[in-house]
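Engineer:
Numbering (our numbering), first residue to last: 556 to 1544.
Structure (structure tokens):
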């Protein structure tokens, strides 16, 4: 299977833009009156995905493949203040035969807006503040002219726009120059640009609220608009940029390059807020129709136990006293629908309803996907919730008004306000709204409400930088002590986190002493971590040897990789994997840039070409040319293997024989040391397995306090005990896990509800959510697992693992097309970074599985037959861990009782772990090609754990992977409890 990994990468790279027929345009945009350069002109082929922006000097460079363009492509150049021009391909080539200066004519019909004087002005805000949902905007510095925008409803005529605000959540650049655009909404897409002069804004280094003054531009609108920001220039060497947004109702519009086609992303709104003024006509408010039937959703999830029940009941009493008679269908929900009951309110009397609402038990996660049943036909919905969803998103029907009522200070204020707005309902935050105003929202149309600015009461944003020995640390875990609020530092060691005064931040990273810092006021923190252990002189020598510079053996001598100036790679015997029994299997697995054709290896270039057009790789064993692969060699006799892939590295030693690349193999017998000494290694004679370990005990470490549950004589008695224990252990993930396992004997649905609380308490915590997703996969609840992985993707959009998990769960849930597209996107964005990692191997294997088993769901017209060929693996094991800093050791024992160890520990393999943190990859696959006899897999946890939010492991065993008779099993492991080596599983076909 692994022989074709390079082929997969090359196919996708070639499919999306790499070609031997690339044309390059270098040109300048000029003013045909002044003859001066025009900066930031939008240049590109209309709707073809090929475009750019001219720079400050009017220069642009555009690369394209004419063969990949549509039937009648047109290049368009446009900018506010100038007449747009469009050129056919013939006109374009004719133009460049004359000159590479393209002149644009000023548009004299456009004049600045005249100053607008609004009588009796009234100020309001339009749009929605984003919540913690990050809208991934830009991460490619070369896609100049890319835009991202959102629809904003303007429900007041003659509104003059004074400012635009949005919150930057991530920005790794040194600065971004952007342009603001304002479009009319035509058939649900951006239409004409309404601006008459350019509005530019510089986002400086870092994150935070951006305020753009529009008042001097005299922009007046009468209808809904689409506001976008456009990337003009990026400063620095890296770009990962995102803005806050809100999931739910609304639409986001994306243009990937200048002059490209708009794409619409549904159920999402950018966090854009326009502030403006409009004439106050002081019209009398219109009464809402008195409802006869109301569907009332009542959130009884764990976090809603902090609701202000008395204020909610007071609000209902006053409302019912106004409308008098109404039928209420009350539906209580958390992770599932808990109860449904009908109440008749007669002459405002709601005693029965009040009694029922006062007796609810609050437990479980929140699942909004069950709400708004199409079979219901109420006059309106009343939804009492804070709006935090864990397992399923809101799905609204816009023809029925929805009124969200929230009595807590915390909540998804912006999202609830937005969703109610789109249904002609209202969001009523009772903690910030006077009662008479709240009742007016329910009974009158057109009541003005201001946007809720206080997303989290009492929080401040703390920024800082983490280093060690003056070098930035990426992936340092920054946690608020005693909570599940946790983030990690970026590539430059920077971080930003919301805290309350007097809370304590904990800084933790591999091999470093943890540090704590109490927050007394808003400040920028500088954290310098120190190594956990004092290093003695002799240990320093050992460590230096362990982390010495990577060298390449070219068949004559070892050379520093950084100094050779050509493409090469070496693996030593310590990196071999005993799961591979032949040299051919080993080379296929460890050199993904090679392709194997009937035992003959070829190096694939980035430009896909037929195998026969490239010369084969030359094998050299201990200085002797061997031609094709020397499959007579025993892997245990090999010291190291080097792949030299460049002519610059092969021509001087091997001439034309090495033009296709050279694989240099050095054996232990070819070294100067005696064979007897070299053979006596752990890999050859010291890996005999003679242990008799205990099978893993999943109940090990069960907290002693849970013995109170074991004494319960009934389910209700057990539930009462659980609720009492929850008061003391509500912020401990193991409490919910073990409690859930206990309650399975009483009620499986109740057990599922209890474990779902992890999603409530760890809603923003990567480790906790990922561990719960593992548990759900073991339970077979693939739909909820997918929702959690999608949640993790919003929290950690840059982690490769986040996208891999969502793609895999798409496949598990029968969304094969979506899975395939997501795998392609990972490769397109991250291929070069991950090509030598386990992530690349996994993606290849899973794409192959999709193509093998589900190709009828996918358009395979452009996919080569080589990828469609059925390839299977008898036994494949994938390990996933929840915590980026989890440390453990796996031991594989083959049928001959020889073992191979794979250690995930910082002390032994710090490069691997640091690269995982950088890329966000927390999984590893192993293939056992010959598994007709029993293999043993052992496990031991290394290092310490936070017992409130510990590390978890999931392993998935695939039998006949990729074949029609494929089966699998998933196991969830409490990794933190396995401090002694145990047998995890015994496997065979």
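For each residue, glycine too, the CB sits at the ideal point set by N, CA and C.
How many angstroms separate the CA atom of residue 1325 from the CA atom of residue 1507?
Structural biologist: Rounded to whole angstroms, residue 1325 to residue 1507 spans 8 Å at the Cα level.
Engineer: Below 8 Å between beta carbons: does that hold for residue 870 and residue 993?
Structural biologist: Yes.
Engineer: Please specify which runs of the alpha helix (DSSP H), each continuous and at least 4 residues long, are wholly inside the segment 1375-1425, giving them in chain order.
Structural biologist: The qualifying runs are 1393-1408 and 1420-1423.
Engineer: Determine the extent of the alpha helix (DSSP H) in which residue 1310 is found, giving its start and end residues.
Structural biologist: Residues 1303-1310.
Engineer: DSSP three-state call for residue 998: helix, strand or coil?
Structural biologist: In this structure, residue 998 counts as helix in the three-state DSSP scheme.
Engineer: Going by C-alpha distance, which of 827, 609 and 1287 is nearest residue 807?
Structural biologist: Considering only alpha carbons, the answer is 827.
Engineer: Kindly provide the ranges of any alpha helix (DSSP H) runs that are 4 or more residues long and lie completely inside the segment 1427-1453, ordered along the chain.
Structural biologist: Whole alpha helix (DSSP H) segments, 4+ residues: zero.
Engineer: When you compare each of 756, 695, 1073 and 694 to residue 720 by their alpha carbons, which one comes out closest?
Structural biologist: Among 756, 695, 1073 and 694, the Cα nearest to that of residue 720 belongs to 756.
Engineer: Helix, strand or coil: how does DSSP classify residue 902 here?
Structural biologist: Residue 902 falls in the coil class under three-state DSSP.
Engineer: Using a Cβ distance threshold of 8 Å, determine whether the segment 898-906 contacts the segment 924-931, with at least three qualifying pairs required.
Structural biologist: No, they do not touch.
Engineer: I'd like to know whether the C-beta atoms of residue 736 and residue 785 end up nearer to each other than 8 Å.
Structural biologist: Their beta carbons are under 8 Å apart, which means residue 736 touches residue 785 by this criterion.
Engineer: Is it the case that the segment 1434-1451 contacts the segment 1493-1508, given that we only count it when at least three CB pairs across the two stretches are under 8 Å?
Structural biologist: Yes, the segment 1493-1508 is in contact with the segment 1434-1451.
Engineer: To which residues of the same chain is residue 1092 closer than 7 Å at the C-beta, ignoring the five residues directly before and after it?
Structural biologist: Below a pLDDT of 50, predicted positions are generally treated as unreliable, and residue 1092, at 36, falls in that range; the measurement from the model is reported next regardless. So no residue of the chain qualifies.
Engineer: Give me the Cα-Cα distance between residue 1546 and residue 878, rounded to the nearest whole angstrom.
Structural biologist: Residue 1546 lies beyond the range of the chain shown here (556 to 1544); nothing can be said about it.
Engineer: Give, in chain order, every unbroken run of the alpha helix (DSSP H) that is at least 4 residues long and sits entirely within the segment 932-959.
Structural biologist: Fully enclosed alpha helix (DSSP H) runs of 4 or longer: not present.
Engineer: Three Cβ pairs or more, each shorter than 8 Å: is that satisfied between the segment 1462-1472 and the segment 1285-1295?
Structural biologist: Touching, no.
Engineer: My output table needs one value for residue 1507: the three-state DSSP class, helix, strand or coil.
Structural biologist: Here residue 1507 sits in coil by DSSP.
Engineer: To which residues of the same chain is residue 1368 closer than 8 Å at the C-beta, ignoring the five residues directly before and after it?
Structural biologist: Correct list, in chain order: 1337, 1338 and 1341.
Engineer: What number of angstroms, rounded off, separates the C-alpha of residue 1531 from the C-alpha of residue 1255?
Structural biologist: If you take the alpha carbons of residue 1531 and residue 1255, they lie about 10 Å apart.
Engineer: Quick one: what's got a C-beta closer than 6 Å to residue 1540's C-beta in the same chain, skipping five residues either side?
Structural biologist: Contacts found: 1492.
Engineer: Let me know the beta strand (DSSP E) ranges lying completely inside the segment 587-619, each 3 residues or longer, listed in chain order.
Structural biologist: Whole beta strand (DSSP E) segments, 3+ residues: 597-600 and 605-608.
Engineer: Find the nearest neighbour of residue 635 within the set 643, 1395 and 754, judged by alpha-carbon distance.
Structural biologist: Of the listed residues, the one whose Cα sits closest to residue 635 is 754.
Engineer: Which residue from 1220, 1328 and 1512 puts its Cα closest to that of residue 1524?
Structural biologist: Residue 1512 is the option with its Cα nearest to residue 1524.
Engineer: If you run the structure through DSSP and keep just helix, strand and coil, what is residue 1027?
Structural biologist: In this structure, residue 1027 counts as strand in the three-state DSSP scheme.
Engineer: In the structure shown, what three-state DSSP assignment does residue 1124 receive?
Structural biologist: If DSSP states are grouped into helix, strand and coil, residue 1124 belongs with the strands.
Engineer: Please report the distance separating the alpha-carbon of residue 709 from that of residue 1373.
Structural biologist: When rounded, the distance between both Cα atoms is 35 Å.
Engineer: Within its chain, find whatever has a CB closer than 8 Å to the CB of residue 1036; leave out the 5 residues flanking it on each side and keep chain order.
Structural biologist: Excluding positions up to five away in sequence, the list reads 1058, 1059, 1060, 1061 and 1071.
Engineer: Where does residue 1073 land, buried or exposed, given buried means 16+ other C-beta within 10 angstroms?
Structural biologist: Label assigned to residue 1073: exposed.
Engineer: Between the Cα of residue 618 and the Cα atoms of 612, 624, 605 and 626, which residue gives the shortest distance?
Structural biologist: Ranking the options by Cα distance to residue 618, first place goes to 605.
Engineer: Using the three-state DSSP reduction, which class does residue 786 fall into: helix, strand or coil?
Structural biologist: Strand at residue 786.
Engineer: Between which residues of its own chain and residue 1050 is the CB-CB distance below 8 Å, once the five residues before and five after are set aside?
Structural biologist: Excluding sequence neighbours, residue 1050 sits near 1018, 1019, 1020, 1021, 1031, 1033, 1042, 1043 and 1044.
Engineer: Spatial neighbours of residue 1175 within its chain, please: CB distance less than 8 Å, with the 5 preceding and 5 following residues excluded, ordered by chain position.
Structural biologist: Counting only Cβ-Cβ distances below 8 Å, and skipping sequence neighbours, we find 1110, 1181, 1209, 1217, 1218, 1219 and 1220.
Engineer: Tell me, which residues are paired with residue 1322 by DSSP?
Structural biologist: In the DSSP output, where bridge partners are listed per residue, residue 1322 has none listed.
Engineer: In terms of residue numbering, what span does the beta strand (DSSP E) encompassing residue 640 cover?
Structural biologist: It spans 640-643 - the beta strand (DSSP E) in which residue 640 sits, taken as one unbroken run.
Engineer: According to the neighbour-count rule (16 or more other Cβ atoms, all chains shown, within 10 Å of its Cβ), is residue 1165 buried or exposed?
Structural biologist: Legend: pLDDT at residue 1165 = 36, less than 50; position of this residue unreliable, no value from coordinates given.
Engineer: What number of angstroms, rounded off, separates the C-alpha of residue 769 from the C-alpha of residue 761?
Structural biologist: Between residue 769 and residue 761, the C-alpha separation is close to 23 Å.
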